[in-house]
Each structure stands twice: as structure tokens, then as C-alpha cells.
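In case it helps, this note's numbering puts the sequence shown at residues 32 to 452.
Ideal placement from N, C-alpha and C gives every residue a C-beta, glycine not left out.
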Amino acid sequence: MHGPPPNSAAHNPSRQSIAGRWVIPVEGSPIEHGIIEIENGRIVALHQNPAEDAVSFGDAVIVPGLINAHTHLEFSSLEQPLAADSFAAWIRAVVAHRRTRSISNAAAAKIGLHESAASGTVTVGEIATKGWSGELFADTDLRAVIFRELLALHPDRIPGQLSIASEHLEPAQESGESGPVFGLSPHAPYSVHPELFREVCGLAAARSAPIAFHLAETREELQLLDSSTGPLVDLFREMGFWIDGQIEAGTRPLDYLQEMARAPQGIVIHGNYLSDSEIEFLAEHSNLTVVYCPRTHHFFRHAPHPWLKLHERGVRVALGTDSRASNPDLSLWNEIVFLHERFPDVAPALLLQMATRNGAGGLGIAEETGSIVPGKAADLTVIQPAHRDDRDAFAGLLSSGSRVVAAMRGGKWIQSARLRR
Ligand SMILES: [Zn+2]
């Protein structure tokens, strides 16, 4: 699936030009008949002057490489989401899947990386768990921010989780420009002791590492935090995970946001039930980003997500798929097509920004990727729109008939042959 498109100038791989009917840089206005000049994997210019040796994508539209800011690739071998009639029942199904699956985490993640690349995703914000291997990502063409999942409600398990966290950040010094960025993911308020959460936020601050945390995801979580009651407490008690007295009565997501704000970058995964005061807090802390997972949100039939309100208040909202345990596929492109269908009045430019630049900002890699501007890595996704309109770069772009035809990371095609079949 690797290799340049058939008409590429293969004689000088360090320099190349890519042309499309439109280039949508996300920072700056769309450029009709745009040409992107790339040298040694970085964008050096963006213009409209005809270039004879350009790789032309005809009527296709070139956008920044798509960024899936939240996924768990360990579930990528699932053919369909885990059926459940409540969040608690779904958690039970996830735990059962983890115990009984026959495929290793690494093998499942490999399937997920392949699917991501094939659907035009260039960067993933991955929550990695036991069995995670650096080789997996060394082997891939995707850009990655790898958050190590940390889970412990019992105070005795805190030191062990902290050493896992610390070790995970070790390779950061060696990974270099093209390797993954390493971060930490204390799982969720109901699965992480508050003391462990505080320590992890402190570690992230000390080591300049990004952090990702599932928060305000369900009403059941809010009930658990407020009063240690409800279906999640019942489930965890039955499974033997719950320990009374670990979470103080009256705890709110805001208490966690205040800790998270110490990290250089913090990703609030989901935030489906954020209160107004929490949204205000986020608006005052530009290092915090909410990652909305539209089709996963839909799968759980949650109350409407506050993403538009967050955006209006100036909070950065990025997009994620979450995993195949709650989503039929891992295509970030399908997330924005889904949103466009449900919110036809929202500017497509905003949806594209959420899928690119906002993801880069949230993951702390905005200097490297997220928009098509000189100086950044040449991370690009090429889309064939469903139909053409000479006046509008977005015409037919976010419709279900559009198609991802190619993607590039750092000047290297990560797929295209496969999609052109
Ligand atoms: Zn998740």
C-alpha cells in the first residue's frame, strides 16, 4: 500500500510538488488550483503558479493530514461495537472482551493502524495499555502521541502505576523528530485513585508530557463522584474493583480539571456532561482541549454534546473515533461527514479545523502538523469530493459520497495504492 502515486516525480524524492483543485490549509483561505511545495518532508511553499512536475490530484481537495485525537487501537479486531443497553453493561462487555480475546494487543493495534492509514488519518492520539510495544509505532507511517493508560483505585497500587508512568516517558528523549510523543492517560475518575491522578498530573507537568483523561462521560460517573452510588458503583462492587471511601462525596469533574490544568497539554476525553462552570474553566485554560467522539457519543445515546457551546466559549474541541468497541470503524473522516449530516448549518471549515488543527493543538504537536503552512511537516490528506462547485472549496467535500484517495505524513505517502485499487 506504500509508494507514490503513479505520476509522481520519483527521481528526486527530497523535493516534490502536489497539486489539487483546491488546497484548504485550515490556517488561511482555501487556494484554488493550489500547489504545495515540499522539501525533505516539510512544506516550503503554497501557491497557485503552475508547476510542471507536480503530482496532480485533478479535482481532488488537499487538506491537512487528519488527526484522530482519541482512540484505543487494542480493540481494532472487533467487527462491530460491543452491544450493551447501558454504559455499565458496556464496561462489563469491555472487561470480558479483554479477558477472553484471542488476539494480542499489539496485533489488534496493528490492524487499527492499518485501518487508520487507509481511511486518511495521519496522526493518532492512542491510549496504550499493557503489551504496548514501541516497535509497533516505529514500524508505522503514522504520527502518534502515545498515552499510557493508568488504572488503579486501590491505594496500594499507586506506586506501581507511577513507575509504569515514569518508564513510559523515558524514551521521550530518544524518540527524535519523527518518533512518537509520549504522554499519560489516567483512565477515568471511577478507575483512578484521586491521589494517583494528582501524582500523574504532577509527573506530566515535571516532564512536559501531555495527559488524556476520560471525564464527564456519563451521568452514572457524575453520580458516582457525587455520592458513591449508582449503576457504576454497583458494577464495580460486584466485580471487586470498588473500594468505599476512595472518592470524597461531592466530587465534581471540575476538581479533576483543576489538577489537569497543571500539565502542559491536557485532553478531556468526551466531556459529554460538562457543567457551565466546567466549560468556563476550560475557556480560561487554553492548554486543555475537549475531544468529542461523535459516533461513539451517538452509540451511547447521550444527551446532546456541548461541543458548539464549548467552541463558542473559545474552548478547543478536537475529534476522535474512540475505539471499535463503540464505533463501527476508525475513520476520522467519517466522523466529520457524520457531524456535517447532523449539523448542516455548522460551517464545514469548523468541522475540518476540529479534525486537523484542533487535534494538533490538543496533542501538543501544533508546531509540527495540523495545517498546511510553510515550516510544518508535509502531513496531508487528499479527498475526492462527491461533486464539484468551482466557487466553493467545501462543495461536496463533507458528504457521504466523498472519498479519501491519499494521505501523506512528512512528505511520504502512507497509502494511496490501496485506495486507488
Ligand atoms: Zn476512550
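The three-state reading of DSSP puts Ile-189 in helix, counting H, G and I together. Annotation for Leu-428: Val-92, Pro-379, Ile-414, Pro-416 place their beta carbon closer than 7 Å to its own, counting only its chain and skipping 5 residues before and after. The continuous stretches of beta strand (DSSP E) do not include Ile-278, and DSSP gives it neither H nor E. Between Asn-303 and Arg-347, the C-beta spacing is not below 8 Å. Between the C-alpha atoms of Gln-79 and His-64 there is a straight-line separation of about 6 Å.
For Val-231, the uninterrupted alpha helix (DSSP H) run begins and ends at 225 to 237, by DSSP.
The criterion of a C-beta distance shorter than 8 Å is satisfied by Trp-364 and Gly-151.
Linking Tyr-287 to Ile-177 through their CA atoms gives a straight-line distance of about 21 Å. DSSP lists Arg-179, Ile-242 as the beta-bridge partner residues of Leu-215.
Minimum Cα-Cα distance from Pro-225 among the listed residues Glu-198, Gly-276, Ala-240, Glu-180 corresponds to Gly-276. Inclusion of His-101 in the 7 Å shell around ligand 1 follows from its C-beta lying nearer than that to a non-hydrogen atom of the ligand. DSSP, read as helix, strand or coil, puts Asn-318 in coil.
Where Ala-100 is concerned, the enclosing beta strand (DSSP E) starts and stops at 97 to 102. Burial state of Ser-308 is exposed, judged by a 10 Å Cβ sphere holding fewer than 16 other Cβ atoms. Its chain contains Ile-69, Gly-72, Ala-409 as the residues whose beta carbon lies nearer than 6 Å to that of Gly-442, once the 5 sequence neighbours on both sides are disregarded; these appear in chain order.
Exclusion of the five residues before and after Thr-412 leaves Val-94, Gly-96, Leu-97, Gly-151, Ala-438 as the residues of its chain whose Cβ lies within less than 6 Å of its Cβ. If you check the C-beta of Ile-122 against ligand 1, you find no heavy atom less than 7 Å away. Straight across, the Cα-Cα distance linking Glu-251 with Gly-261 is about 6 Å. Here the C-alpha atom of Ala-294 lies approximately 4 Å from the C-alpha atom of Ala-236.
Straight-line spacing of the CA atoms in Ser-317 and Asp-360 works out to 30 Å. It is roughly 20 Å from the alpha-carbon of Arg-129 to the alpha-carbon of Phe-330. The beta carbons of Val-125 and Ala-356 sit closer together than 8 Å. Shown here, Glu-309 sits in a helix according to DSSP, grouped into three states.
For Val-264, the enclosing alpha helix (DSSP H) stretches over residues 262 to 270. Annotated as proximal: Ala-349 and Gly-393, with beta-carbon spacing under 8 Å.
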